[in-house]
Amino acid sequence: MPDLLSDGEIEKALKGMDGWSHDDVYHWLFKDFSFDNFGSAVTFVNRIAEIAEEMNHHPDILIFAYSSVKITTTTHDANGITNKDIALAESIEILISG
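Going left to right, the sequence shown walks through residues 19 to 116 as the numbering used here numbers them.
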């Protein structure tokens, strides 16, 4: 089982990732993304699905308000946030910025 990250480690890791937040009640990372249309949101979700499969670490994904996407990630078997969640968030940031 992966080691849980401390609140300090999580906040330090998130410093360079604009818009990502840490929920210390539910023990997850989350971020909302907005797109011009539904098709772009779905394309983004499908690309995240490919990344998640490669990493074998799967976030919760919600498409809402027609063209917005909420990503929530936690490491279920560790009951909290681990380096797997940070790595997934970093990969999503690379995807969105590229």
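Beta carbons are placed, not taken as given, at the ideal position from N, Cα and C, and that holds for glycine.
Is it buried or exposed, residue i, if we count other Cβ atoms within 10 angstroms and call 16 or more buried?
{"i": "Phe56", "result": "exposed"}
{"i": "Lys49", "result": "buried"}
{"i": "His42", "result": "One point to set straight first is that residue 42 is Asp, not His, in the sequence displayed. Exposed, by the Cβ-count rule."}
{"i": "Ala67", "result": "exposed"}
{"i": "His75", "result": "buried"}
{"i": "Asp103", "result": "buried"}
Please work out which residues of its chain come closer than 7 angstroms, Cβ to Cβ, to residue i, disregarding the five sequence neighbours upstream and downstream, and give them in chain order.
{"i": "Phe62", "result": "Phe51, Phe53 and Val87"}
Give the DSSP bridge partners of residue i, in chain order.
{"i": "Trp46", "result": "Asp41"}
{"i": "Lys88", "result": "Asp50 and Leu80"}
Whose CA, out of the options, lies closest to the CA of residue i?
{"i": "Ser85", "options": "Gly26, Tyr44 and Ser58", "result": "Ser58"}
{"i": "Met19", "options": "Glu108, Asn101 and Ala107", "result": "Asn101"}
{"i": "Ile28", "options": "Gly37, Leu47 and Glu71", "result": "Leu47"}
{"i": "Thr90", "options": "Leu113, Gly116 and His40", "result": "His40"}
{"i": "Ile81", "options": "Ala31, Asn64 and Gly26", "result": "Asn64"}
State the start and end residues of the unbroken alpha helix (DSSP H) segment that holds residue i.
{"i": "Ile69", "result": "Phe56 to Met73"}
{"i": "Asp25", "result": "Asp25 to Leu32"}
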